[in-house]
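Down below is the structure, laid out as structure tokens.
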Amino acid sequence: MMQEQIKNINSLEELQALYTATFGKNGTMTAKLKEMKNLDNDARVALNLENQTLRELFKTRQMEIENAILMAGLQKQKLDVSLNPMPENRGTLHPLTQSLTEISSILESFGYTMHTGPQVEDDWHNFTALNTPLHHPARDMQDTFFLPNGNVLRTQTSAIQIRAMESSGVPIKMFGVGATYRKEWDATHGPMFGQIEGLYIGQGITMSDLIADVRAFLSKFFEIENVELRIRPSYFPFTDPSIEIDLKWKNDKWLEIMGAGMVHPNVLRNCGADPDVYQGFAFGFGWDRLAMLKYNLPDLRDLYNNDVRWLKSAGF
Ligand code: PHE
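First residue of the sequence shown: 8, per the numbering used here; consecutive thereafter.
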């Protein structure tokens, strides 16, 4: 029986050969079908049925053989689950972004709101309004990058406090954030660095409010119960009195952390505020310096090189 024969075939080649011998040009079934017209009705029906059944049997057997070949192949090439998978390369936030996020959320929790400003700044906002007029010797404190048109690359985020007071008026409690530029280059100074500037102008605000906010801020940021601070007299044209604030670090060394002071009456006047009614303080610091300390980084410039190997080795 042809049907038994088909079922016993185990190779595609043999099956193909039998198929050709049956349905090919000179095939047995082909010959029978050619004689169809000479058959009576019942015989025709029977032949059609046989034709159909055989074709289906071939198809089914072909699938069975193909399946068997596939399974045999899979048995041979077993999956090696001990192979290492592709390394997982999930990104993380840059340490500067991480520290900025922390700093901002602390200052915001104290009621300061964030402001920004242009990095190419005009003379008024970077110097003159900050009580540092042309030819003022304090302009020498900062190695400024001047542009041919007289504008500068912002040397301090203090420029942002001027813009904030100009646009929002006083009272105001804000902090300015941004890149600042000075011609400096060593392990703790780069030509571009991140600065943050706090400003709180209102009525009856004093130096002790300043120190209280700075102490609370630094304690939170460095997760130290109550930071030890040292206040030294200093000079900035836009604050009077001016101070510098040092922080006692873990190795008992004093680290210079920020400049600060009571906002100079001329600065308030330049921004349209009456210094007889309003007073307040400002403080400014390098946020990358703070990040360096917090994450224990030896070279500030690493923060700006964007070397992923360094970021990984530093644990970011
Ligand atoms: N702008 C000063 C600097 O860049 C820091 C400062 C800010 C000092 C605010 C006093 C008040 O060094």
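Where a beta carbon is used, it is the ideal one built from N, C-alpha and C, also for glycine.
Predicted model, so just to flag it, every value in this text is computed and none were measured.
Any heavy atom of the ligand PHE inside 6 Å of the beta-carbon of Thr246?
yes
Three-pair Cβ contact test at 8 Å for the region 172-192 versus the region 231-239
no
Glu204 burial status per 10 Å Cβ neighbour count (16 or more: buried)
buried
Could you name each continuous alpha helix (DSSP H) segment of 4 residues or more that falls completely within the region 34-121, going from the start of the chain to the end?
35-41, 48-83 and 102-116
Kindly confirm or deny that the region 124-138 and the region 91-110 touch, where touching means at least three C-beta pairs closer than 8 Å.
no
For Thr99, which residues of its own chain have a beta-carbon under 6 Å away from its beta-carbon, when the five flanking residues on both sides are left out?
Phe323
Which same chain residues end up closer than 8 Å to Leu54 when comparing Cβ atoms and leaving out the 5 residues on each side of it in sequence?
Lys39, Leu40, Met43 and Leu46
How long is the line joining the alpha carbons of Asn33 and Pro92, rounded to whole angstroms?
57 Å
Would you mind giving the Cβ-Cβ distance between Thr246 and Val270, rounded to the nearest angstrom? I have them listed as a contact below 8 Å.
6 Å
With burial defined as no fewer than 16 other Cβ atoms inside 10 Å of the residue's Cβ, what is the status of Trp261: buried or exposed?
exposed
Rounded to whole angstroms, how far is the Cβ of Ala186 from the Cβ of His132, which I believe are closer than 8 Å?
Not quite, the Cβ-Cβ distance comes to about 15 Å (not below 8 Å), so this is no contact.
Only counting runs of 4 or more residues, tell me where the alpha helix (DSSP H) segments fall wholly within the region 203-263, in order along the chain.
214-229
List the residues that DSSP assigns as beta-bridge partners of Glu20.
The partner list for Glu20 (beta bridge, DSSP) is empty, contrary to what the question assumes.
Within 6 Å: the Cβ of Ala267 and any heavy atom of the ligand PHE?
yes
What would DSSP say about Met181, mapped onto helix, strand or coil?
strand
Quick one: what does DSSP say Tyr188 is sitting in, helix, strand or coil?
strand
Could you check whether the Cβ of Gln126 sits closer than 6 Å to any heavy atom belonging to the ligand PHE?
no
Indicate, with yes or no, if the ligand PHE has a heavy atom lying under 6 Å from the CB of Ala289.
yes
From Leu19, Gly279 and Trp256, residue whose alpha carbon lies closest to that of Ser174
Gly279
Suppose the cutoff is 8 Å on Cβ atoms and the five residues either side in sequence are ignored; what does the same chain contact list for Asp130 look like?
Leu141, Gly157, Asn158 and Val159
Can you have a look at Trp294 and say buried or exposed, based on whether 16 or more other CB atoms are within 10 angstroms of its CB?
buried
Where do the N-terminal and C-terminal ends of the beta strand (DSSP E) with Gln286 fall, by residue?
Gln286 to Gly293
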